[in-house]
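Engineer: Structure incoming, see below.
Protein chains: 4
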Amino acid sequence: MPYEHEKLTEEKVFKDPVHRYIHVRDRVIWDVIGTREFQRLRRIRQLGTTYLVFHGAEHSRFQHSLGVYEIVRRIIDSGFGGRPEWNEDERLVALCAALLHDLGHGPFSHAFEKVFDLDHEKFTQAILLGDTEVNAVLSRVSPEFPQRVADVVGKTYKDKLVISLISSQIDADRMDYLQRDAYYTGVQYGHFDMERILRVMRPAEEQVVIKSSGMHAVEDYIMSRYQMYWQVYFHPVSRSAEVILIKILHRAKALYKDGYRFQQEPVPFSSFFDKTITLEDYISLDEGVLFTYFQLWMKEKDPILSDLCRRFINRKLFQYAEFDPAKEYRKIGQLDALFKEAGIDPEYYLVTDSSSDLPYDFYRPGEENERVPIYLQLPNGELSELSRSSDIVDAISGKRRTDHKIYFPEDILEAGQKDNPLYKEILQLVRG
Amino acid sequence: MPYEHEKLTEEKVFKDPVHRYIHVRDRVIWDVIGTREFQRLRRIRQLGTTYLVFHGAEHSRFQHSLGVYEIVRRIIDSGFGGRPEWNEDERLVALCAALLHDLGHGPFSHAFEKVFDLDHEKFTQAILLGDTEVNAVLSRVSPEFPQRVADVVGKTYKDKLVISLISSQIDADRMDYLQRDAYYTGVQYGHFDMERILRVMRPAEEQVVIKSSGMHAVEDYIMSRYQMYWQVYFHPVSRSAEVILIKILHRAKALYKDGYRFQQEPVPFSSFFDKTITLEDYISLDEGVLFTYFQLWMKEKDPILSDLCRRFINRKLFQYAEFDPAKEYRKIGQLDALFKEAGIDPEYYLVTDSSSDLPYDFYRPGEENERVPIYLQLPNGELSELSRSSDIVDAISGKRRTDHKIYFPEDILEAGQKDNPLYKEILQLVRG
Amino acid sequence: MPYEHEKLTEEKVFKDPVHRYIHVRDRVIWDVIGTREFQRLRRIRQLGTTYLVFHGAEHSRFQHSLGVYEIVRRIIDSGFGGRPEWNEDERLVALCAALLHDLGHGPFSHAFEKVFDLDHEKFTQAILLGDTEVNAVLSRVSPEFPQRVADVVGKTYKDKLVISLISSQIDADRMDYLQRDAYYTGVQYGHFDMERILRVMRPAEEQVVIKSSGMHAVEDYIMSRYQMYWQVYFHPVSRSAEVILIKILHRAKALYKDGYRFQQEPVPFSSFFDKTITLEDYISLDEGVLFTYFQLWMKEKDPILSDLCRRFINRKLFQYAEFDPAKEYRKIGQLDALFKEAGIDPEYYLVTDSSSDLPYDFYRPGEENERVPIYLQLPNGELSELSRSSDIVDAISGKRRTDHKIYFPEDILEAGQKDNPLYKEILQLVRG
Amino acid sequence: MPYEHEKLTEEKVFKDPVHRYIHVRDRVIWDVIGTREFQRLRRIRQLGTTYLVFHGAEHSRFQHSLGVYEIVRRIIDSGFGGRPEWNEDERLVALCAALLHDLGHGPFSHAFEKVFDLDHEKFTQAILLGDTEVNAVLSRVSPEFPQRVADVVGKTYKDKLVISLISSQIDADRMDYLQRDAYYTGVQYGHFDMERILRVMRPAEEQVVIKSSGMHAVEDYIMSRYQMYWQVYFHPVSRSAEVILIKILHRAKALYKDGYRFQQEPVPFSSFFDKTITLEDYISLDEGVLFTYFQLWMKEKDPILSDLCRRFINRKLFQYAEFDPAKEYRKIGQLDALFKEAGIDPEYYLVTDSSSDLPYDFYRPGEENERVPIYLQLPNGELSELSRSSDIVDAISGKRRTDHKIYFPEDILEAGQKDNPLYKEILQLVRG
């Protein structure tokens, strides 16, 4: 039997708190899970710094990846099978892409990407196509199979239906992370009736569509997503930790560039600082390495680096204040000057950060990031864009919400305000 | 107002998946949570290697510690308050001991304690009494307060009732971890009606007792515990990972003692190898450091160390087989000889491991580990030992169950058995 | 001790699937629960005909009433106590009103009110003030106490804050029924973080307000309500059963008025038909009586009455079709004529029904049903109407959604269409 | 296509709180659900009087029957299909028997069976084989099909494997009611990992067996059952209500036999009193009829009948006291005499009641009620009786637990004890 169709003699199951059980029958899937690169995802948290606010959110990208795989498996095996719009030859590539779509994520990806100008999706593709264990497994299916998986992840795959399973406004990725992140943070949001959504998903020419009788379940999913964004993903305390993380990496890089003598050579970081990153460098970096070095850096002589690392490791984060750039456009300049005058480096201690989300959008041709909308399939077979049928979705469709905050070391300012009137002035200005 | 009685201006809450919310009103508790030593618990998993079987079990000792605190808080604030048997002066020491009872746990404590002959409880006490942030906070209550907390943890405190809240056959520690570990692994076991148990807990002279009307809830708790032990805590695959971890530490220590030249000096481990551990050494060691070094050691020249590290990091664990020491007492000797003959070092590749649990026991004076039994408080006020009232508990009371397993590298043996008849013989013998 | 302040020697608890436990300490509450009129609520389903669609929805108004009580108790006992805006003298009246707000509901109230022009709120007040067991208990508190409770239910009570606990756009009534109905139907909607909402509720001069930090939990509650209305409460199949129920009562009344000789005298209904209902008549009527008579009527000679009863009892409901009164204003007239021509009485077999909901509204002075909006309490103490802060609530605020349906006996028409071309024509016309 | 194999054009689903969704594809199943006799189960509570203690337990036998069907469907469709031990020709008979196994239950069956010497299983068979709608549907499959279904319910069917799905120590019936009753009462017990049990169920020659790797899930199921029996099913307050119900029926029958003139002729009961019950009489009786008559009887002149009915309807139940027949064999006689002397009829007001349960038993040949034990299927294919492998099950195996109680009208005795020393004496004696 070709490797592609090999089944395990006995189905393997993973106990999963979100989906109860994750089922594996295909040998390819089992072998991919066993690779070094996939096991590495156990050492990278799904939600980065969020665990510093929601202490339950310590779950890894490993389990999320299994979850996305399981959802796609259920869609295909119990819903799509036998329908003419679905090509069963795409099954394995869809399952592998689901399982591997986050393979290139590094520790605290968002911060890393920002500081070192990286793109985790490029790394996912590089791992899939490079000299790796996962590439070896996928290549056993066929020489071009790794490329097919990489194309789905990169959204250039010919069969758009397969892409939409993993990457669209209602895909297996989102359905897993909303539920999983809700479960681990313990918040009430994030719940929706996925079993119902799976039952009403239908394969169509270019994408997955939803039987119109399932509209309310989809509405509920969109509202869950909206709530999770503002309650969990954009939580200001978690952003505070991320702001500090970014500044740590900035500072370490700046020191390195300046020829600063670290007490222990930052070996795993050098290629990042130098922009000479190899695939092996990238794969070797995980959260454990970061925490190990941050703890070493807490003892460095550079006061900014050691202070920032202490803040991150011991959770002494920056305080935040609301900020309206449209009205208060001069505030940052004023604060910047005051910080300098007070001897606190604003580059590291005065940070603005914005979060922004578009809960759902219909197709707006020509605009950047054209989004494929969600389509309902009417009883007569016609497709109708979701917001035309749903009052609630229509109401929020295309409405971008943005939130701006200033982050600053309130502890330093409060402790010193008695002796230093500048500190007091800063506090008053920043608090508005 | 004395620091001991200071309240936060606004109650702080932590969202917790198991207890919904964890409530903090006391400034002392808030300050303790903010210390470096307590925050460190975020970097140590509650269940060690279990996440390699139950991928959801990535939760840390940090959240478990908060959970135990919350349970003790609920017991005291809603149940004990006002009862003559309860001394409200013990409230804060009980809360602090609940929060801090696991403070001295290191990464994968069980393995570390075994290899380096350590005792995490001693370290808990050392951190409480040493030159630490947590000691500084506790000392603000009163100079002898840290010692009081340490005494509760060490079970030498004068008020046995306080000890029993945190350490007995039905304590806040067990009630939190059973539920929490069930939640994160996703298993169905581990659930019991804690709210009911809290409602029937009564303070008595030497310990917490249970109103007899709550007997069935306690039975259910004991059964949950039994199931969690055999389904989760003693899972053979998780024990396989722990066996490998122990062997890694053994090997690294042996190499170090032999003067082996590591490619990168194992600085954080040296004092463990040399038995010159300082408190700072101990506190600095967390799972991140371990994973960082294990990944470095994967590239070491010593084939045993690098193989074991690769196995641990990439989850290529040992296989296991049942083993009955009473009947098969010669088997290990035979296998040992065969391994040597086959050129596989049995010291690292042939491991026996036993798990053993006593689900509940009444008091057996004179026996080692005398256990304080659970007492029911009858309507007339008299106490009656649980197993005298409960048929089910009586049935399992004092019945120790033990399970023995042999762990071995089946992958090596299977791969080589064609060429090496010894490998085949080993496989046949070990599989019985 | 005055009866008003009497406490039970031991707290009583009811096990409740939604709130875990319902706690009773006040003797007044305990005594009220034991009255005949309150126990009667066990014989009236909370959701009328909904159990014919969602088979789990067999729960009674008894448990909902306990649930509303428990929520108000939690709000007062753990949140309001001690705040200057809250007058502790209102505690007992608030608890009693919460417990008793639905006391006057009869079986399938909505249908009964429509056919016999009744008002369940009037009956609640009549039971509270009449010669009843519940009145006897309340009068022991003070002679005017029953009137105070009745005033809260009737929304004429002087302290508007008390009214708003039980009757406002975010009250204990709604919070209980959304969660309870979701639990019993098994739908995923209806969940929101009530514990969080209770924590952010604050007493204000005229009503309960919400600390602004709890805005997202309130958004989620409003969305839950929206989904429950359209997914559960307005489910077309449940409305079909209600349509039939209304027609049964219409028919029985018409026959009675015409002097029809029932095989068994419809004693419990006569005073309803005659508009001479006494309180005792009203209280004696419950779902059991209805089902008993409907089964008797299945055997009556009148073909319409027996057919409708058979439909209701054996769940042979009417089919439904969409209907747009704005565009299809002539359709009903045409169908009416066709039904008559086909010998099917349109008065009983051709029914239009509309459902309409306003998910949330701010205050629109002068409009009928002026609604008190939900106010957020900003950190500076000011109040701000919810839709000014919440994009989502703003988007749906004041947007009434209405749905129109035609109900008809598709089974009769389908069975007869071969022989009767009129039947076929009706089917084509009604299905549009 | 033969009716037996007809599928619905679109799968129908019922939303179910316990199993999420119940799936129906077979037309036969759909048609059976629509029959009058099956719909009647909506008017009979699953747990009889239990709702008077656990107010959530208002669920009907209708939903339990659907649940048992769904479990058997999952076992067959996802587990048994394709295995040689399973004969796919038995599928439909198994599904129908699962759905219909409780069809003959009347209102408060246990009490009715006791008073009128009936057997609900006989009525199930009578309905299946009589002139009923359900018989008409089943007969369309084949003329002998109703008899096959009746044989499975009566446990005389030739294929013992089919019987064991619905009636054994681990069957779909128990698995549904434990979970369902736990859900509706809200207790924590009753939960076990059914999904795991379904995965390890295997068809064997004479019965369903369990793969040995699933042993712990089965242990948990047996413990759940044990807890549900003692916490819910045998709850003394629910038994008190049942005791009163039995006495109502006794009294009404006695009055009827004595020629007592009821104010309204008890038509639906006459054939029960006369032992001339027809199938139609039986089917017509539901809880609504009972409640209707009990309310009428509250106004009867006979003081015993009216008092007992008032107690049942308004939940003024008897109090209970522990009673040990082995030690206190004279107590009942003494109380009987005292009751008579005090003018309280002991036949109706002094009741003893015993509950007894055997949590699990292995096969004991020759004993009455021989039970088929649960077998584990070992990896080598051999079967091993459960208690030989499970310490916990072994500990409780065959251990019958019995509980005896006396029920009496404490309210009457307490109210009258000041004036009547006999009342005081009774109270002292009964309370021990």
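Protein chains in written order, with the working numbering: chain A, 31 to 462; chain B, 31 to 462; chain C, 31 to 462; chain D, 31 to 462.
All C-beta atoms in this analysis are idealised placements derived from N, C-alpha and C, irrespective of residue type, glycine included.
Would you say glutamate 225 of chain A faces chain D, with C-beta separation under 7 Å as the test?
Structural biologist: Position 195 of the first sequence, counted from the first residue, corresponds to residue 225 of chain A. So, interface residue.
Engineer: Taking the continuous beta strand (DSSP E) assigned at serine 384 of chain D, which residues delimit it?
Structural biologist: Taking the first residue of the fourth sequence as 1, we reach residue 384 of chain D at position 354. Where serine 384 of chain D is concerned, the enclosing beta strand (DSSP E) stretches over 381–387.
Engineer: Between leucine 168 of chain C and valine 179 of chain C, how many whole angstroms is the CB-CB distance? I'm expecting something under 8 Å.
Structural biologist: Taking the first residue of the third sequence as 1, we reach residue 168 of chain C at position 138. Taking the first residue of the third sequence as 1, we reach residue 179 of chain C at position 149. Confirmed, about 6 Å.
Engineer: Would you call the region 113–120 of chain C and the region 134–143 of chain C touching, i.e. three or more CB-CB distances under 8 Å?
Structural biologist: Contact fails: fewer than three Cβ-Cβ distances are below 8 Å.
Engineer: Taking DSSP as the reference, what is the three-state secondary structure of valine 262 of chain B?
Structural biologist: Working through the second sequence from its first residue, we reach residue 262 of chain B at position 232. Three-state DSSP puts valine 262 of chain B in a helix.
Engineer: Listing by chain order, which chain C residues have their CB less than 8 Å from the CB of tyrosine 251 of chain B?
Structural biologist: Mapped onto the second sequence, residue 251 of chain B falls at position 221. Those do not exist, as tyrosine 251 of chain B stays about 17 Å from chain C at its closest Cβ, beyond 8 Å.
Engineer: Could you tell me the distance, in whole angstroms, from the CA atom of serine 301 of chain C to the CA atom of tyrosine 214 of chain D?
Structural biologist: If you number the third sequence from 1, residue 301 of chain C lands on position 271. If you number the fourth sequence from 1, residue 214 of chain D lands on position 184. Cα-Cα distance, rounded: 37 Å.
Engineer: What's the C-alpha gap between serine 420 of chain A and histidine 221 of chain C?
Structural biologist: Mapped onto the first sequence, residue 420 of chain A falls at position 390. Mapped onto the third sequence, residue 221 of chain C falls at position 191. One C-alpha to the other measures close to 20 Å.
Engineer: If the cut is a Cβ gap below 8 Å, which residues of chain B does tyrosine 81 of chain C touch?
Structural biologist: Along the third sequence, read from residue 1 onward, the residue named residue 81 of chain C stands at position 51. None at all; the shortest Cβ gap to chain B is about 28 Å.
Engineer: So, does the region 231–248 of chain D touch the region 51–59 of chain D, judging by three or more C-beta pairs under 8 Å?
Structural biologist: Not touching, per the Cβ criterion.
Engineer: Whose Cβ in chain C lies nearer than 8 Å to the Cβ of phenylalanine 222 of chain A?
Structural biologist: The residue labelled residue 222 of chain A in the question sits at position 192 within the first sequence. Simply Gln218.
Engineer: To which residues does DSSP link methionine 231 of chain D through a beta bridge?
Structural biologist: By 1-based counting over the fourth sequence, the position of residue 231 of chain D is 201. BP columns for methionine 231 of chain D point to D:Ile240.
Engineer: In whole angstroms, what separates the C-alpha of glutamate 235 of chain A from that of serine 414 of chain A?
Structural biologist: On the first sequence, residue 235 of chain A is found 205 positions in, with the first residue counted as 1. On the first sequence, residue 414 of chain A is found 384 positions in, with the first residue counted as 1. Approximately 14 Å, taken between the alpha carbons.
Engineer: Counting only the same chain and skipping the five closest in sequence on each side, list residues whose C-beta sits under 8 Å from that of phenylalanine 324 of chain D.
Structural biologist: For the purposes of this step, residue 324 of chain D is identified with residue 294 of the fourth sequence, where counting begins at 1. Here the set comprises Ile278, Cys339, Phe342 and Ile343.
Engineer: From this set, A:Lys185, A:Leu158 and A:Thr186, which residue's C-alpha is nearest proline 173 of chain A's C-alpha?
Structural biologist: Position 143 of the first sequence holds residue 173 of chain A. That would be A:Leu158, whose Cα lies nearest to the Cα of proline 173 of chain A.
Engineer: The beta strand (DSSP E) spanning histidine 53 of chain C covers which residue range?
Structural biologist: Stepping through the third sequence from its first residue, residue 53 of chain C is reached at position 23. Element bounds for histidine 53 of chain C: 50–56.
Engineer: Could you check what DSSP says for lysine 429 of chain D in three-state terms: helix, strand or coil?
Structural biologist: Counted from its first residue, the fourth sequence places residue 429 of chain D at position 399. Lysine 429 of chain D: coil per DSSP, three-state reduction.
Engineer: Cutting at 6 Å between CB atoms, please list the residues of its own chain near isoleucine 274 of chain B, excluding the five before and the five after it.
Structural biologist: Along the second sequence, one-based indexing puts residue 274 of chain B at 244. So the list reads Leu338, Arg341 and Phe342, once near-sequence residues are dropped.
Engineer: Given that a residue counts as buried once 16 or more other Cβ atoms are within 10 Å of its Cβ, and exposed if not, what is serine 90 of chain C?
Structural biologist: Reading the third sequence from its first residue, position 60 is the one you call residue 90 of chain C. The residue in question, serine 90 of chain C, is buried, as its Cβ has 16 or more Cβ neighbours within 10 Å.
Engineer: At the level of alpha carbons, what is the spacing between glutamine 257 of chain B and lysine 435 of chain A?
Structural biologist: On the second sequence, position 227 is the one that residue 257 of chain B refers to. On the first sequence, position 405 is the one that residue 435 of chain A refers to. Approximately 48 Å, taken between the alpha carbons.
Engineer: Mapping DSSP to helix, strand and coil, what is alanine 351 of chain C?
Structural biologist: If you number the third sequence from 1, residue 351 of chain C lands on position 321. In the structure shown, alanine 351 of chain C sits in a strand (DSSP, three-state: E or B).
Engineer: Tell me which residue opens and which closes the beta strand (DSSP E) that tyrosine 405 of chain D is part of.
Structural biologist: Residue 405 of chain D sits at position 375 when you count from the first residue of the fourth sequence. Its beta strand (DSSP E) spans residues 405–407.
Engineer: From the beta carbon of phenylalanine 321 of chain A, is the nearest beta carbon of chain B less than 7 Å away?
Structural biologist: Counting from one through the first sequence, the residue named residue 321 of chain A turns up at place 291. At least one chain B Cβ lies under 7 Å of phenylalanine 321 of chain A.
Engineer: Identify, in the order they occur along the chain, each residue of the same chain with its Cβ nearer than 7 Å to the Cβ of glycine 318 of chain C, setting aside the five sequence neighbours on each side.
Structural biologist: Counting from 1 along the third sequence, the entry for residue 318 of chain C is found at position 288. Correct list, in chain order: Arg73.
Engineer: Name the residues in the region 32–62 of chain D whose C-beta lies less than 8 Å from a C-beta of chain A; which are they?
Structural biologist: Hits within the stretch, in order: Val43, Arg50 and Tyr51.
Engineer: For valine 183 of chain B, which option in B:Ser197, B:Phe175, B:Leu191 and B:Gln76 has the closest C-alpha, if you only look at C-alpha atoms?
Structural biologist: Locating residue 183 of chain B in the second sequence gives position 153, counting from the first residue. Of the listed residues, the one whose Cα sits closest to valine 183 of chain B is B:Ser197.
Engineer: Under 7 Å, Cβ to Cβ, is there at least one residue of chain D near aspartate 387 of chain B?
Structural biologist: Translated into positions along the second sequence, residue 387 of chain B becomes position 357. No, aspartate 387 of chain B does not count as interfacial toward chain D.
Engineer: Using 8 Å as the threshold, is the region 377–391 of chain D in touch with the region 345–357 of chain B, meaning 3 or more CB pairs across them?
Structural biologist: No: fewer than three Cβ pairs fall under 8 Å.
Engineer: Between which two residues does the beta strand (DSSP E) carrying threonine 39 of chain B extend?
Structural biologist: Walking along the second sequence from the start, residue 39 of chain B turns up at place 9. Start and end: 37–46.
Engineer: Would you tell me roughly how many angstroms separate the C-alpha atoms of lysine 305 of chain B and threonine 322 of chain B, rounded to the nearest one?
Structural biologist: The count along the second sequence starts at 1 and reaches residue 305 of chain B at position 275. The count along the second sequence starts at 1 and reaches residue 322 of chain B at position 292. Their Cα atoms are separated by approximately 22 Å.
Engineer: Is the Cβ-Cβ distance between leucine 416 of chain A and leucine 408 of chain A less than 7 Å?
Structural biologist: Along the first sequence, read from residue 1 onward, the residue named residue 416 of chain A stands at position 386. Along the first sequence, read from residue 1 onward, the residue named residue 408 of chain A stands at position 378. Not a contact, by the Cβ cut-off of 7 Å.
Engineer: Determine the extent of the alpha helix (DSSP H) in which glutamate 444 of chain C is found, giving its start and end residues.
Structural biologist: Reading the third sequence from its first residue, position 414 is the one you call residue 444 of chain C. Glutamate 444 of chain C -> alpha helix (DSSP H) spans 440–446.
Engineer: On the DSSP letters alone, give me the boundaries of the alpha helix (DSSP H) that serine 414 of chain A sits inside.
Structural biologist: Sequence index remark: in the first sequence, residue 414 of chain A carries index 384 (1-based). Taken as a continuous stretch (DSSP letters only), serine 414 of chain A belongs to no alpha helix (DSSP H), being part of the beta strand (DSSP E) at 413–415.
Engineer: Can you tell me which of B:Val238, B:Glu40 and B:Val248 puts its alpha carbon nearest to the alpha carbon of methionine 224 of chain B?
Structural biologist: If you number the second sequence from 1, residue 224 of chain B lands on position 194. Taking only the C-alpha atoms, the option nearest methionine 224 of chain B is B:Val248.
Engineer: Going by DSSP in three states, histidine 140 of chain B sits in which element: helix, strand or coil?
Structural biologist: Within the second sequence, residue 140 of chain B is the residue found at index 110, counting from 1. It is helical.
Engineer: Taking beta-carbon pairs under 9 Å, can you tell me which members of the region 65–77 of chain D lie near chain C?
Structural biologist: Per Cβ criterion, the list reads Thr65, Arg66, Gln69, Arg70, Arg72, Arg73 and Arg75.
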